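The block underneath contains the structure these notes are about, expressed in structure tokens.
Residue numbers (my numbering): 1 to 600.
See the structure below:
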């Protein structure tokens, strides 16, 4: 077969057949396999690259080349989520002979596997030690390893206190020589984050803003290696739209490359960004895909997208279940930040339900004074609102002061709009009205529909308490309509009750249709709507073709349609809540069976 395969047109197939025909070690064939692995990785075929490299290891005659190929194969296996295979390759590589640079690379790969496979508590010190060992041999790789150490350390709350490993990492970063010939996007991110931890937002923000701009279009190979870290800069400078763009690109690239170990991290960032922008269908799709990939790779990543989606939807029982899951992961070790995120979700939920004392308690748990992370930043507005409504003015003022330390250096419409809305809660008279109008103006220029709707609500509540019932109705009506359109059920009900208090009636929102499709059914329907075949959907979600067909039959029945062509309009009506049970009634045959459906 190898002789019959064209060397120029299909070199990779030829190399594979040569490997299958080999009866013993063959350095020439191993070299061809190694080159095939490089081509596969360049076109995004990480699983194929791992297979080529593992076979090249088997055929290697040169001990030094065998070690290099084992390290390369371990890295490719790590990216595809094959953690056990990666660990076996590293154990074999340690049989040597290894030089000091190779030993540092073994330590680096072990640390990445520890974090990606769920032993996160071990990862930061391992990465820190690997970075130090790499400094004499490869300054670029050492800086990348420091970045990985820094960001993995932020996942564990116990690392964040003064004197913890995070501080140690940042001090080591500050002692590094300046990168030459000049800083890359990842260098800017590393320097900005280290400055943030040591000096605070005001000094760090300019560097982080430069990093966010540079990270928007980093090369594909950097996205595959560092994509989930690239989103950090946008988050810290209050740029959720930039965060969404970076994460959407990252998820698509790692999905196309089959980099399954990276995909849960990307989805856990893209999903919350979608939810924050009011795209609950997109967030639910991320949740369903995250669940499938996490189960296939045994990923330990907490359900961040689910937490944000459920909290904003305002469904108490479902949010409580997601919160409990996050707290379990936090207690198990390695993801203490999940506990802070869970407290943030509880604060949003209880603010929506107008249970302000509970919201204040949860928000205070999410904002310990020693932590200056994104979960902390996004929880501060919840604390201001809850404490102000609960009458705890001093707590609200303290939270507002901490919030301003992050929003004013950022200077984005999102940041300053949130600050104005929060400051208005603690102001009076013309000052309060001016701040509410500023919040509406600034947030209206963003894509953050939930935050804009909340500004309308708070302004309307203030107007009603000022005795301006006609003005209040306009704001509260806008808030109710926007919450209803987005799917924020608790906040919609809060706005409805306020409208009733002004003497205006508002229909209570029903959620029958939104509840009909499960997250997995909705994702399968969306993929089918986008033109993917059943086998392609199955490959994306790790399901058999029969399982996909079964889910599509259920989707068609619930939506009252017969073909894929009808999915576009049916899903749009479902998302907007236009479908009712009567409009979705399906005709049945005399035998009680549904008519045939075009599910293929």
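No residue lacks a Cβ here, since even glycine has one placed at the ideal position from N, Cα and C. Every value quoted in this text rests on a predicted model; they were computed, and no experiment measured them.
(request) Leaving aside the five residues before and after residue 595 along the sequence, list all residues of the same chain whose C-beta is less than 6 Å from its C-beta, in chain order. (result) Along the chain shown, read from residue 1 onward, the residue named residue 595 stands at position 595. Residue placement at residue 595 cannot be trusted, given a pLDDT of 38 that sits under 50; what the coordinates show is reported in the next sentence. Contacts found: none.
Three-state secondary structure (DSSP) of residue 427
Taking the first residue of the chain shown as 1, we reach residue 427 at position 427. Coil, per DSSP.
Go through its chain and collect everything with a Cβ distance to residue 204's Cβ below 6 Å, but skip five positions before and after it. Counted from its first residue, the chain shown places residue 204 at position 204. Here the set comprises 192, 195 and 196.
Rounding to the nearest angstrom, what Cα-Cα distance links residue 42 and residue 471 in this structure? By one-based count along the chain shown, residue 42 stands at place 42. By one-based count along the chain shown, residue 471 stands at place 471. Between residue 42 and residue 471, the C-alpha separation is close to 60 Å.
**Report entry** Counted within 10 angstroms of its Cβ, other Cβ atoms place residue 498 as buried (16 or more) or exposed
**Finding:** Against the chain shown, residue 498 aligns to sequence position 498. Label assigned to residue 498: buried.
How long is the line joining the alpha carbons of residue 552 and residue 255, rounded to whole angstroms?
Position 552 of the chain shown holds residue 552. Position 255 of the chain shown holds residue 255. Straight-line Cα distance between these residues: approximately 22 Å.
Looking at residue 86: is its Cβ nearer than 8 Å to the Cβ of residue 53?
Against the chain shown, residue 86 aligns to sequence position 86. Against the chain shown, residue 53 aligns to sequence position 53. Not closer than 8 Å, so no.
| message | Considering only their Cβ atoms, is the gap separating residue 406 from residue 377 smaller than 8 Å? | response | The count along the chain shown starts at 1 and reaches residue 377 at position 377. The count along the chain shown starts at 1 and reaches residue 406 at position 406. For residue 377 and residue 406, yes; Cβs fall inside 8 Å.
**Asked** If we call anything under 8 Å between Cβ atoms a contact, is residue 130 one with residue 99?
**Response** Locating residue 130 in the chain shown gives position 130, where the first residue counts as 1. Locating residue 99 in the chain shown gives position 99, where the first residue counts as 1. Going by C-beta atoms, residue 130 is not nearer than 8 Å to residue 99.
Could you spell out the range, first to last residue, of the alpha helix (DSSP H) harbouring residue 63?
-> One-based indexing of the chain shown puts residue 63 at position 63. Taken as a continuous stretch (DSSP letters only), the alpha helix (DSSP H) holding residue 63 covers 63-79.
Q) Would you say the stretch 351-360 touches the stretch 325-332, given that touching needs at least three Cβ pairs under 8 Å? A) no
| request: Could you check the C-alpha separation between residue 95 and residue 139 for me, to the nearest Å? | output: Against the chain shown, residue 95 aligns to sequence position 95. Against the chain shown, residue 139 aligns to sequence position 139. Taking the straight line from one Cα to the other gives about 26 Å.
- [ ] Report the three-state DSSP secondary structure of residue 563 (helix, strand or coil).
- [x] As a working note, residue 563 is residue 563 in the chain shown. The answer is strand: DSSP assigns residue 563 an E or B state.
7 Å CB neighbourhood of residue 351 in its chain, flanking five on each side removed:
For the purposes of this step, residue 351 is taken as the residue at position 351 of the chain shown. The residues are 359, 382, 385 and 386.
Given a threshold of 16 other Cβ atoms within 10 Å of its Cβ, counted over all protein chains shown, does residue 20 qualify as buried or as exposed? By one-based count along the chain shown, residue 20 stands at place 20. Exposed is the call here.
Are the stretch 281-290 and the stretch 448-463 in contact at 8 Å, needing three or more beta carbon pairs? no
**Prompt:** Is there a Cβ from chain C that is less than 8 Å from the Cβ of residue 505?
**Reply:** Given the protein chain composition of this structure (a single chain), no chain C is represented.
- Message: Going by beta-carbon coordinates alone, are residue 263 and residue 293 separated by less than 8 Å?
- Response: Counting from one through the chain shown, the residue named residue 263 turns up at place 263. Counting from one through the chain shown, the residue named residue 293 turns up at place 293. Yes, these two residues count as a Cβ contact at 8 Å.
Three-state secondary structure assigned by DSSP to residue 209: As a working note, residue 209 is residue 209 in the chain shown. Helix, per DSSP.
If we ignore side chains and look at the alpha-carbon of each, how far apart do residue 23 and residue 535 end up? Stepping through the chain shown from its first residue, residue 23 is reached at position 23. Stepping through the chain shown from its first residue, residue 535 is reached at position 535. Looking at the two C-alpha atoms, the distance is approximately 36 Å.
Residues in the same chain with beta-carbon distance under 7 Å from residue 311, minus the five sequence neighbours each way, listed in chain order, please.
Locating residue 311 in the chain shown gives position 311, where the first residue counts as 1. Hits under 7 Å: 319, 345, 348 and 349.
**Euclidean distance between Cα positions of residue 362 and residue 336** = For the purposes of this step, residue 362 is taken as the residue at position 362 of the chain shown. For the purposes of this step, residue 336 is taken as the residue at position 336 of the chain shown. Using only the alpha carbons, I get a separation of about 15 Å.
ask   = With distances taken between CB atoms, is the gap from residue 435 to residue 417 smaller than 8 Å?
value = Counting from 1 along the chain shown, the entry for residue 435 is found at position 435. Counting from 1 along the chain shown, the entry for residue 417 is found at position 417. No, Cβ-Cβ distance for residue 435 and residue 417 is not below 8 Å.
Q) So is residue 429 buried or exposed if we call it buried at 16+ other beta carbons inside 10 Å? A) By 1-based counting over the chain shown, the position of residue 429 is 429. Exposed: under 16 other Cβ atoms inside 10 Å.
Practice problem: Counting only runs of 4+ residues fully inside the stretch 12-48, write out the alpha helix (DSSP H) ranges in chain order. | Solution: 27-42
Does residue 137 come out as helix, strand or coil in the three-state DSSP assignment? Here residue 137 corresponds to residue number 137 of the chain shown, with the count starting at 1. Residue state, collapsed to three classes: coil.
Exposed or buried, which one is residue 75 when buried takes at least 16 other CB atoms within 10 Å? Taking the chain shown and counting its residues from 1, the one referred to as residue 75 is at position 75. Buried, because 16 or more other Cβ atoms sit within 10 Å of the Cβ of residue 75.
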